[in-house]
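Protein chains in written order, with the numbering used here: chain X, 1 to 152; chain V, 1001 to 1208. See below for the structure under consideration.
If you want it as structure tokens, here you go:
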């Protein structure tokens, strides 16, 4: 019984060490590009703060990597989130979107936030400061509503 | 020997916990999307008759800038699926929609119109992809239908169609902000409300 367990344990250790060598993405951008949403629209400071704290890690070209991001399989999972997040919505490249796409994304932001689908619950587990209070959510929703009316 | 085993167990548990928590991205229950659940079935406040009395008529000169048959046919099937509350069928048909949208070719458009069509297609494809990936969340699918129907409407406006089509408005969809869908029949079959309120809607415009 013990020998069998020992063998499994060794295999697991080998796997755990092996996956540390999987190549990782690096989502870094030292400057804020002119296509960032804050340059496309006059986003109020309070809303911008919320977006940066709660959204930018997965939805921009610049992620703040925490300590555990250096360890696999956490890094793989994070990279997956970031890649998917940026595909869906990238605040750094918002200015490259057509007007239609911008409006669509703004509407999606408001709805996702309202329904607590975003930020991802798993992200909030380790980033409690990113959790959106009711007030934060309302600020985002209100801003989107105003913005969409202006865009008409 | 014992010390190593304990450390391994802790590492294993730690990894498992993290993988499990990060895997917990499945959509929460549908209640958040189903605003209708809390609404009374008050039929008196809006028109379920589907009348065409006050509708505008926009006529196409007959020139078409592409063949939307495949796209529209799939779109109508999508609406039918959602009207029947069949999310998995909606997802399947949306996959076909993505293909037909990607394969759509427009002809003889001005540069501006071409750009507009490209923008519409980009958004439409995204919407269709979302619907196809949410076979277990009809609320999410219906959310995307709102935007998708606008895309279809705008596409038809530029490309043109040989069919007689109806723009139907549902005042309760989209959290009571209202939403449209395009139908090839005058008879109302609401994709947003589904079997709960299949006849809710009013034709507000005829396209031909």
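All residues carry an ideal CB built from backbone N, CA and C; glycine is no exception.
(request) Name the two residues that bound the continuous beta strand (DSSP E) containing residue 1179 of chain V. (result) By one-based count along the second chain, residue 1179 of chain V stands at place 179. Counting along the chain, residue 1179 of chain V sits inside the beta strand (DSSP E) bounded by residues 1179-1183.
(message) Could you compute how far the alpha carbon of residue 89 of chain X sits from the alpha carbon of residue 1177 of chain V?
(response) Position 89 of the first chain, counted from the start, is the residue given in the question as residue 89 of chain X. Position 177 of the second chain, counted from the start, is the residue given in the question as residue 1177 of chain V. When rounded, the distance between both Cα atoms is 24 Å.
(request) Quick one: list the residues of chain V neighbouring residue 104 of chain X, beta-carbon separation under 7 Å, in chain order. (result) Counting from 1 along the first chain, the entry for residue 104 of chain X is found at position 104. Ordered by position in chain V, the residues that pass the 7 Å Cβ test against residue 104 of chain X are 1123 and 1147.
(request) Go ahead and pull the three-state DSSP assignment for residue 22 of chain X. (result) Here residue 22 of chain X corresponds to residue number 22 of the first chain, with the count starting at 1. Looking at residue 22 of chain X - three-state DSSP - the assignment turns out to be coil, as it is neither helix nor strand.
(message) Since residue 82 of chain X and residue 110 of chain X should fall inside the 8 Å C-beta cutoff, what is the C-beta to C-beta distance between them, to a whole number of angstroms?
(response) Within the first chain, the letter at position 82 stands for residue 82 of chain X. Within the first chain, the letter at position 110 stands for residue 110 of chain X. Contact between residue 82 of chain X and residue 110 of chain X is absent: CB atoms are separated by about 22 Å, not below the 8 Å threshold.
(request) With distances taken Cα to Cα, identify the nearest neighbour of residue 1114 of chain V among V:1142, V:1100, V:1129 and V:1159. (result) Numbered from its first residue, the second chain carries residue 1114 of chain V at position 114. The residue among V:1142, V:1100, V:1129 and V:1159 with its C-alpha nearest the C-alpha of residue 1114 of chain V is V:1159.
(request) Count the CB pairs spanning the stretch 120-128 of chain X and the stretch 36-47 of chain X that are closer than 8 Å, and state whether there are at least three. (result) Judged by Cβ distances under 8 Å, the stretch 120-128 of chain X makes no contact with the stretch 36-47 of chain X, as fewer than three pairs qualify.
(request) Give me the Cα-Cα distance between residue 28 of chain X and residue 66 of chain X, rounded to the nearest whole angstrom. (result) Mapped onto the first chain, residue 28 of chain X falls at position 28. Mapped onto the first chain, residue 66 of chain X falls at position 66. Each residue's Cα considered, the two are about 13 Å apart.
(message) Closer than 8 Å is the cut-off here; do at least three beta carbon pairs connect the stretch 1172-1188 of chain V with the stretch 1063-1070 of chain V?
(response) Segments in contact, no.
(request) Residues of the stretch 1126-1148 of chain V with a CB closer than 7 Å to any CB of chain X: list them in chain order, please. (result) Cβ contacts with chain X: 1143 and 1147.
(message) So that I know if they touch, is there some Cβ in chain V lying closer than 7 Å to that of residue 137 of chain X?
(response) Within the first chain, the letter at position 137 stands for residue 137 of chain X. Chain V contact via Cβ: absent.
(request) Just the C-alpha distance for residue 18 of chain X and residue 4 of chain X, rounded to the nearest angstrom, thanks. (result) Position 18 of the first chain holds residue 18 of chain X. Position 4 of the first chain holds residue 4 of chain X. Roughly 21 Å between the two C-alpha positions.
(message) By the three-class DSSP mapping on this structure, what secondary structure does residue 31 of chain X have?
(response) Working through the first chain from its first residue, we reach residue 31 of chain X at position 31. Here residue 31 of chain X sits in coil by DSSP.
(message) Contact defined as beta carbons within less than 8 Å: I believe residue 78 of chain X pairs with residue 69 of chain X. What is the distance between those atoms, to the nearest angstrom?
(response) Here residue 78 of chain X refers to the residue found at position 78 when the first chain is read from its first residue. Here residue 69 of chain X refers to the residue found at position 69 when the first chain is read from its first residue. The beta-carbon distance between residue 78 of chain X and residue 69 of chain X, rounded to whole angstroms, is 6 Å. This is short enough to meet the 8 Å contact definition.
(request) Check residue 99 of chain X in the structure and name its three-state DSSP category. (result) By one-based count along the first chain, residue 99 of chain X stands at place 99. Helix.
(request) Could you pull out every residue in the same chain whose Cβ sits closer than 6 Å to the Cβ of residue 1076 of chain V, ignoring the five residues on either side in sequence? (result) Taking the second chain and counting its residues from 1, one reaches residue 1076 of chain V at position 76. Sequence-distant partners of residue 1076 of chain V (beyond 5 residues in either direction) whose C-beta falls short of 6 Å from its own C-beta, in its chain, are 1184.
(request) Put residue 1031 of chain V into one of helix, strand or coil per three-state DSSP. (result) On the second chain, residue 1031 of chain V is found 31 positions in, with the first residue counted as 1. Only weak support is given to the placement of residue 1031 of chain V: the predicted model assigns it a pLDDT of 39, under 50, and the question is left unresolved by the model.
(request) Give a yes or no on whether the C-beta atoms belonging to residue 1134 of chain V and residue 1100 of chain V are separated by under 7 Å. (result) On the second chain, residue 1134 of chain V is found 134 positions in, with the first residue counted as 1. On the second chain, residue 1100 of chain V is found 100 positions in, with the first residue counted as 1. The answer is no: Cβ separation not under 7 Å.
(request) Starting from residue 1205 of chain V, follow the beta strand (DSSP E) in both directions and report where the run begins and ends. (result) Position 205 of the second chain, counted from the first residue, corresponds to residue 1205 of chain V. Membership of residue 1205 of chain V in the beta strand (DSSP E) is indicated by the continuous run 1202-1207.
(request) For chain X, find out if any of its Cβ atoms is closer than 7 Å to the Cβ of residue 1119 of chain V; answer yes or no. (result) By 1-based counting over the second chain, the position of residue 1119 of chain V is 119. At a cut-off of 7 Å between C-beta atoms, residue 1119 of chain V counts as an interface residue with respect to chain X.
(message) Quick test of the definition: if touching needs 3 or more C-beta pairs under 8 Å, does the stretch 1094-1113 of chain V touch the stretch 1192-1203 of chain V?
(response) Taking 8 Å as the limit for Cβ pairs, the verdict is that the stretch 1192-1203 of chain V does not touch the stretch 1094-1113 of chain V.
(message) Quick check: is the beta carbon of residue 3 of chain X nearer than 7 Å to any beta carbon in chain V?
(response) The residue labelled residue 3 of chain X in the question sits at position 3 within the first chain. No, no contact with chain V.
(message) Here's a check: name, in chain order, each residue in its chain whose Cβ is nearer than 8 Å to the Cβ of residue 145 of chain X, leaving out the five neighbours to either side.
(response) Here residue 145 of chain X corresponds to residue number 145 of the first chain, with the count starting at 1. Closer than 8 Å at the Cβ level, and outside the excluded window around residue 145 of chain X, lie 110.
(request) Please determine, among X:60, X:13 and X:15, the residue with the shortest C-alpha to C-alpha distance to residue 84 of chain X. (result) Position 84 of the first chain holds residue 84 of chain X. Closest by alpha carbon: X:60.
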